[in-house]
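Asker:
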Amino acid sequence: MSWNKTARNVFIVFLLIIQAIFLFAIFKENTRSLGIAALMLILCILVLVTYFKGQIHHEDHAYEHIFVVLWIPVGAVTCFYLNHLLKLGPVLSATIIGSLASFIPVIKKSSSYLPQLPAAIYCGAFIGMSSTGVAPNFLFILTASFFTAVLLILSKNLFAGVGGKLGTLAFAGVVITSFLYFLISSYV
Amino acid sequence: MFNLILLITLSFLSATLTFYVNEDLRQGPVRSSAMLSLAVALFFYFFPHSMDSYLVKNIPIVFIGASFVGMVSARLLANYLLIGIGGILFCLIYMHTSKFFNGYGGALGTSASIALLAVLSIPIVGKHRKLTNGIIQLRKVLFKPGKKNF
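Top to bottom, those sequences are chains W and L.
Heads up: the first sequence at position 43 corresponds to 43 in our numbering, and the numbers run straight through without jumps.
In our numbering, each number is its position in the second sequence, counted from 1, plus 1000.
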């Protein structure tokens, strides 16, 4: 199996696990409510159907350029600053960043690089939406940005055009960093 | 109950409106999601007492989350009704999101992607349903009521 195919499969399984954990947590907290538990089970089955039968990935595997994902920490740190230091709240902060980022391609319309930046910056903004209970400082945000950047590099042609992909990558980055922080605090 | 209906209606509107601005007005997914959600967030930022505190807190969150569903590419899904249903599913997931993941950045996007992936399975499941209907029709032809089978 080639490296590309391995990276592709590992990424898809990883994202499936993240989504399954997310749904399982809801299921576990709502076992007494039959309707919600049933809805989560049905959602799980439907998501699996799309994973196995849906045309959500491009055939050829490609990697996102490092100069694109470098903008993730910029979006994350700026959003975190607006969210917690200027106290604008997560939604207003992320939407301000996203709106401004969406106009970056206007700076030079002939550029092939600039149109790729809004998605990376918006993805970073989702990391900055984290509460201080989860992300206590800028170091956490930068670490989560690093993991999210790695995931974005790997997933250029995967889940292409699926809404929520950027958020899922940001969530995965935050979860990995939280887990890392938990391990460090347990052993140090 | 009123709050739930309002949030579900808004999530339907958010997803479909984002898709309209994204694909029909050709503004791109990021601008469509961010600017529509910015308008809603600004309204509640400047008028925090315009509604019940539960709605003031949750409407902007539900709106931006459902707008992620509307960021879907027309190559994958171009049906407004299904996109709206995706928005509603997002709302249902959001309202029951585990307390464990409270405050995790990207949780809204994860809920939106789950809702969208579930909706994307509908055409696939539908295809198989057509197949099942075909088998039923074939069975009717072969085993007509009243026809003796030897």
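Backbone N, C-alpha and C define an ideal beta-carbon position, used for all residues, glycine too.
Keep in mind that this is a model prediction, so the values were computed, not measured.
Less than 8 Å between the C-beta atoms of Thr1009 of chain L and Ile1083 of chain L, yes or no?
Answerer: In this structure, Ile1083 of chain L does not lie closer than 8 Å to Thr1009 of chain L by Cβ.
Asker: Please report the residue range of the alpha helix (DSSP H) in which Gly1065 of chain L lies.
Answerer: Segment 1053 to 1069, the alpha helix (DSSP H) holding Gly1065 of chain L.
Asker: How about Phe182 of chain W: is its C-beta nearer than 8 Å to some C-beta of chain L?
Answerer: Closer than 8 Å: no.
Asker: Mind listing the chain L neighbours of Leu70 of chain W? Cutoff is C-beta to C-beta under 9 Å, in chain order.
Answerer: Per Cβ cutoff of 9 Å: no residues; Leu70 of chain W is ~17 Å from chain L at best.
Asker: Is there a C-beta anywhere in chain W that falls below 8 Å from the one on Val1056 of chain L?
Answerer: Output row for Val1056 of chain L: interface = no.
Asker: For Val68 of chain W, collect the residues of the same chain with a Cβ closer than 6 Å to its Cβ; drop the 5 residues on either side in sequence, then sort them by chain order.
Answerer: Cβ within range, chain order: Gln116, Ala120.
Asker: Check Tyr81 of chain W in the structure and name its three-state DSSP category.
Answerer: Here Tyr81 of chain W sits in helix by DSSP.
Asker: Whose Cβ in chain W lies nearer than 7 Å to the Cβ of Thr1097 of chain L?
Answerer: Neighbours of Thr1097 of chain L on chain W, chain order: Ile26.
Asker: Quick one, are the C-beta atoms of Phe1090 of chain L and Val1069 of chain L less than 8 Å apart?
Answerer: Yes, Cβ-Cβ distance for Phe1090 of chain L and Val1069 of chain L is below 8 Å.
Asker: Are the C-beta atoms of Ala170 of chain W and some chain L residue less than 8 Å apart?
Answerer: So yes, Ala170 of chain W belongs to the interface.
Asker: List, in order along the chain, the chain W residues whose C-beta lies closer than 7 Å to that of Ser1033 of chain L?
Answerer: The contacting residues are Gly98.
Asker: When the Cβ atoms of the region 1045 to 1054 of chain L are set against those of the region 1091 to 1098 of chain L, are three or more pairs found closer than 8 Å?
Answerer: Taking 8 Å as the limit for Cβ pairs, the verdict is that the region 1091 to 1098 of chain L does not touch the region 1045 to 1054 of chain L.
Asker: Could you check if Ile176 of chain W belongs to the surroundings of the ligand COA, using beta carbon to heavy atom distance under 7 Å?
Answerer: Ligands displayed in this structure: none; no statement on the ligand COA is therefore possible.
Asker: What do you get for Lys28 of chain W, buried or exposed, if any count of 16 or more other CB atoms within 10 angstroms of its CB means buried?
Answerer: Exposed, since its Cβ has fewer than 16 Cβ neighbours within 10 Å.
Asker: What do you get for Gln55 of chain W, buried or exposed, if any count of 16 or more other CB atoms within 10 angstroms of its CB means buried?
Answerer: Classification of Gln55 of chain W: exposed, given that the 10 Å Cβ count is below 16.
Asker: Apart from the five residues on each side of it in sequence, which residues of its chain come closer than 7 Å, Cβ to Cβ, to Met1035 of chain L?
Answerer: Nothing meets the Cβ criterion.
Asker: Output needed for Arg8 of chain W: all residues of its chain with C-beta closer than 6 Å, excluding positions within five of it in sequence on either side, in chain order.
Answerer: Answer for Arg8 of chain W: His61, listed in chain order.
Asker: Hey, is Ile1124 of chain L's beta-carbon within less than 8 Å of any beta-carbon in chain W?
Answerer: With 8 Å as the cut-off, Ile1124 of chain L counts as an interface residue toward chain W.
Asker: How many whole angstroms separate the CB atoms of Leu944 of chain L and Val1056 of chain L, which I take to be in contact at a CB cut-off of 8 Å?
Answerer: Because chain L in this structure spans residues 1001 to 1150, residue 944 of chain L falls outside the shown range and cannot be described.
Asker: Looking at C-alpha atoms only, which residue of W:His58, W:Gly35, W:Leu16, W:Ile36 is the closest neighbour of Lys156 of chain W?
Answerer: The option with the nearest alpha carbon to Lys156 of chain W is W:His58.
Asker: Along the chain, where does the alpha helix (DSSP H) that runs through Gln19 of chain W open and close?
Answerer: Where Gln19 of chain W is concerned, the enclosing alpha helix (DSSP H) stretches over 3 to 29.
Asker: Give every residue of the same chain whose Cβ lies closer than 7 Å to the Cβ of Val1062 of chain L, excluding the five residues on either side of it in the sequence, and list them in chain order.
Answerer: Same-chain partners within the cutoff: Leu1007, Leu1010, Ser1011, Cys1091, Tyr1094.
Asker: So, for Leu23 of chain W: in the same chain, excluding its five sequence neighbours on each side, which residues have a beta-carbon less than 7 Å away from its beta-carbon?
Answerer: These residues qualify, in order along the chain: Met40, Leu43, Cys44.
Asker: Which of the three DSSP states, helix, strand or coil, is assigned to Glu1023 of chain L?
Answerer: Here Glu1023 of chain L sits in helix by DSSP.
Asker: Could you please tell me which residues of the region 1044 to 1073 of chain L, in chain order, have their CB closer than 9 Å to any CB of chain W?
Answerer: Against chain W - using a Cβ distance shorter than 9 Å - the residues of the region 1044 to 1073 of chain L are Phe1044, Tyr1045, Pro1060, Ile1061, Phe1063, Ile1064, Gly1065, Ser1067, Phe1068, Val1069, Gly1070, Met1071, Val1072, Ser1073.
Asker: Please report the Cβ distance between Gly164 of chain W and Ser1033 of chain L, rounded to the nearest whole angstrom; I am assuming they are in contact, meaning their Cβ atoms lie under 8 Å.
Answerer: Wrong, their Cβ atoms sit about 10 Å apart, outside the cutoff.
Asker: What is the rounded straight-line gap between the Cα of Ser1121 of chain L and the Cα of Leu16 of chain W?
Answerer: Each residue's Cα considered, the two are about 15 Å apart.
Asker: Roughly how many angstroms separate the alpha carbons of Ala101 of chain W and Pro118 of chain W, rounded to a whole number?
Answerer: Approximately 5 Å, taken between the alpha carbons.
Asker: Helix, strand or coil for Arg1031 of chain L per DSSP?
Answerer: In the structure shown, Arg1031 of chain L sits in a helix (DSSP, three-state: H, G or I).
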